[in-house]
Structures are given as C-alpha cells and as structure tokens.
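Undergrad: Chains as they are written, first to last, in the numbering used here: chain A, 7 to 108; chain B, 167 to 327. Each residue gets a CB set at the ideal place from its N, CA and C atoms; glycine is no exception. Please read all numbers here as calculations on a predicted model, not as lab measurements. Handing you this structure, nothing more for now.
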Amino acid sequence: MEEEFKVIDNYLMIRMPDEIDHHHSVSISKTADKYILDEQIGNVVFDFERTTFMDSSGIGIIVGRYKKISCFGGKVYAIHVDNRIRRILLLSGLHHIVEIME
Amino acid sequence: MIEVVKWSQNMQIKNEMKMEFRAVSENEALARTAVAAFVTPLNPTLEEISDIKTAVSEAVTNAIIHGYDGEDGADNIVWLSCRIRNDVLEVEIQDKGIGIEDIDKAMEPLYTTKPDLERSGMGFSFMEAFMDDLEVLSEPGQGTTVHMVKKLGITSWIMNE
C-alpha cells in the first residue's frame, strides 16, 4: 500500500503506508517536501491508520518535515496512532514536537 | 515427578535459521518478516513480534546504509542468523562493510553520521529498548556484527506492571 497525499486548506494530510522503513521513507519525504514548497503548506498531518510497522526511519520523516515547517510557525500532527506507533513516538521524545490527536 | 520432567523436555524448542542477501533497501522488509515468521512457534504476542521486527529492521538498515554506505554490489552482502533456545531468541546481523570507529559514540541516542539522509540516530536505542540484550562488535574496515537477544513471553506482564 502506497502513501497518499492530500491538501486541505493549510494542511498536508499524509496517509502513511502499511510499512514505514528506510526503503519507503525517502520517497515519502521527497513528495511531502514538494507539496510543502509548491503549495506553501503550513502544517502536516501524519495519518497512521493503515500503518502496521514503523522503525526509526519514521522518526526521520517526522523530524525532517517538522524542521521544514516549524520555522514558519507550522505544526505537525499525528492521527490514528496505535500503541506500537505511540511507543516509538514516546521513546524517541517525538511527542514533544508532534501533537498526537485522539 | 519423572513425567513432569519428560513433558518439559518434550517442550524444548531448538531451531536455527541463516540467510544472506544483498545490501539493498528492499531486503529490509524481507529480513524482518523472515525473523517474525521464524519465532511464530514460540507463540509471541503481537507486541513482541513488533519489537523484534523493529530491532531487526534497524540493524539491517544500519548494515545497508552505514556498513555498505548505501552502495549495492555483488560483494555487499548482509548475513542474518537466528537461533531459538526454548523461549529465547538470538538474532545476529553481520556485514563486512566499513565498520564503526567509535561504537560508544555510535550508540548514543540521536547521534548519526548521516543527518543529510534524515537518519534519526535512534537505531541502536531502538534495538536496546525493544530487545533484552544488545552487543555490537565492529572493526573499521572489517565490518560490524550486531547480536541481540530477546526472551519471549514476558512482555505482557511487564506491560501490566
């Protein structure tokens, strides 16, 4: 299952793929940056509904996008976060920069 | 009494598995899926499978992008071996790549030599957090071996504590 991108107002919604590893992370980051630059997007929402696996490459994607938008006051959100994803976000301290929406 | 001993001896599980594959990112999924399938006879929880898959994925990704510097080639091979002894899983991931100069530094959380590739520097921290034991052996120019151990069947009650 591939990732999907959608722009709603000032938000880029990224529907994350089934498995997020180094193999997938490069193209997700690249496409997201293209949207952020081309469409002047302020905020990014990561949707983990379909995601069953994530390693530290996912952390790289989130931190990388956060760095791109936070200097313009943008925010990063995560939705549909299950226990596994939550543990990885907590373990890497990412819950300080990502708002986990219930 | 004797019967109990016999029964527990019959319950012993011993198994081994070895594979080798080229250092390309497509094989990260192959490696972690193979290890997950290998531990299935131990009836691991979903949590445990997820922990093992993440740790294996980190180690294999390290071998590919750090050990072999992201270069594909017929000689750039990653070796994976797994062993089950009763309820203990041992996983070893080995490359014959560039090796690690300073292992302690490499294992520090958030330390990465490849920030340009958006590596988070959390690989070894995740391996440590998700497995029970982690050992890293490396020699510059010779390659790196990551040895991990996880005892299965205890995660559920640790999580409930």
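Output the residue ranges of the beta strand (DSSP E) runs that lie fully inside the region 186–273 of chain B and measure 3 residues or longer, sorted by chain position.
TA: Complete beta strand (DSSP E) runs here, min 3: 243–251, 254–261.
Undergrad: Taking Cβ positions, are Ile106/A and Met288/B nearer each other than 8 Å?
TA: For Ile106/A and Met288/B, no; Cβs fall outside 8 Å.
Undergrad: On the DSSP bridge list, what partners appear for Asn49/A?
TA: Its beta-bridge partners are Tyr17/A.
Undergrad: Can you tell me the Cα-Cα spacing of Glu55/A and Arg21/A, whole angstroms?
TA: Using only the alpha carbons, I get a separation of about 8 Å.
Undergrad: DSSP three-state call for Val87/A: helix, strand or coil?
TA: Residue state, collapsed to three classes: coil.
Undergrad: Can we say the region 282–296 of chain B touches the region 261–268 of chain B, given the rule of at least three CB pairs closer than 8 Å?
TA: In short, these stretches do not touch, since the Cβ pair count stays below three.
Undergrad: Using beta-carbon positions only, say whether Ile68/A and Val82/A come within less than 8 Å of one another.
TA: Closer than 8 Å, so yes.
Undergrad: Check Ile288/B in the structure and name its three-state DSSP category.
TA: Correcting the residue identity first, residue 288/B is Met in this sequence and not Ile. Looking at Met288/B - three-state DSSP - the assignment turns out to be coil, as it is neither helix nor strand.
Undergrad: Can you tell which of His102/A, Phe52/A, His30/A, Ser35/A has the C-alpha that lies nearest to the C-alpha of Asp282/B?
TA: Considering only alpha carbons, the answer is Ser35/A.
Undergrad: By alpha-carbon positions, which one of Ser286/B, Ala200/B, Ile320/B ends up nearest to Lys184/B?
TA: Nearest C-alpha to Lys184/B: Ala200/B.
Undergrad: Just list the residues that DSSP pairs His313/B with in beta bridges.
TA: Answer by DSSP bridge pairing, in chain order: Glu258/B, Glu301/B.
Undergrad: Looking at C-alpha atoms only, which residue of Ala221/B, Ala225/B, Asn181/B, Glu194/B is the closest neighbour of Val205/B?
TA: When only C-alpha atoms are compared, the closest one is Asn181/B.
Undergrad: Between which two residues does the beta strand (DSSP E) carrying Ile320/B extend?
TA: Note, Ile320/B: premise wrong, no beta strand (DSSP E); not H, not E.
Undergrad: Verify whether the separation of the beta carbon atoms of Thr310/B and Gly239/B is less than 8 Å.
TA: No, these two residues do not count as a Cβ contact at 8 Å.
Undergrad: Please tell me whether Phe59/A has its Cβ less than 8 Å away from any Cβ of chain B.
TA: Judged by the 8 Å Cβ criterion, Phe59/A is in contact with chain B.
Undergrad: Under 8 Å Cβ-Cβ, which residues of chain B neighbour Glu8/A?
TA: Neighbours of Glu8/A on chain B: none; closest Cβ ~14 Å, over 8 Å.
Undergrad: Could you check where the alpha helix (DSSP H) with Ile179/B kicks off and where it finishes?
TA: Run containing Ile179/B: none; DSSP gives neither H nor E here.
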